[in-house]
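All remarks here apply to the structure that follows.
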Amino acid sequence: MIHSVVKFVLDWLLYLALFPIVFVWFRQIWRILISRDYSDVALRKGLPPPNPERVAPFVVALNLIAGIVLLGVILSVPSGSMAWDDWVAIAGSTIWMKLMLGWGISRHAHFRADRKAYFAQKAADQAAKSAANAATHSKASAHDSES
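As structure tokens, then:
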């Protein structure tokens, strides 16, 4: 008895959670395509990539495909055209795939900028280290010549 109650509650929680998920994904599509707002594209640590327009089509495509799939699940559940196991598997897989692919897109969008910053910092550190070594050697040779 309690197993069926828990199953019923979890079914409804998952089904009702699909509505705000689809809304957020379609709202992000609207912001990117219509409003040209790229502030939410491929965020990493809360910051957009240096060139969000470059990855925006991929984010739109990912959100559109995932949103359409979940919208299909939302419409098919009340009609009874899908078994419980089917719609739960489709919804869960879609949510996880969207999250993982979105993470991959955001990392790819930030990779080149992070790499350039890393090598620029490494070159600056190497130059500072060389300058410090040159200054130390010139002081040591000046000290030796005085003696």
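Under this note's numbering, the residue at position 117 of the sequence shown is numbered 97, and the numbers go up by one with no gaps.
Quick reminder that beta carbons are idealized off the backbone N, C-alpha and C, glycines included.
Remember, predicted model here, so these are calculated numbers, not experimental data.
Helix, strand or coil at residue i according to DSSP, with G and I counted as helix
i, result
"residue 23", "coil"
"residue 30", "coil"
"residue 87", "helix"
"residue 62", "coil"
"residue 17", "coil"
Enclosing alpha helix (DSSP H) for residue i [first to last residue]
i, result
"residue -9", "-18 to 13"
Counted within 10 angstroms of its Cβ, other Cβ atoms place residue i as buried (16 or more) or exposed
i, result
"residue 90", "buried"
"residue 60", "exposed"
"residue 14", "exposed"
"residue 106", "exposed"
"residue 74", "buried"
"residue 64", "exposed"
"residue -18", "exposed"
"residue -7", "exposed"
"residue -11", "exposed"
"residue 72", "exposed"
"residue 113", "exposed"
C-beta atoms of residue i and residue j nearer than 7 Å
i, j, result
"residue 18", "residue 32", "yes"
"residue 4", "residue 22", "no"
"residue 46", "residue 78", "yes"
"residue 53", "residue 67", "yes"
"residue 85", "residue 38", "yes"
"residue -4", "residue 50", "no"
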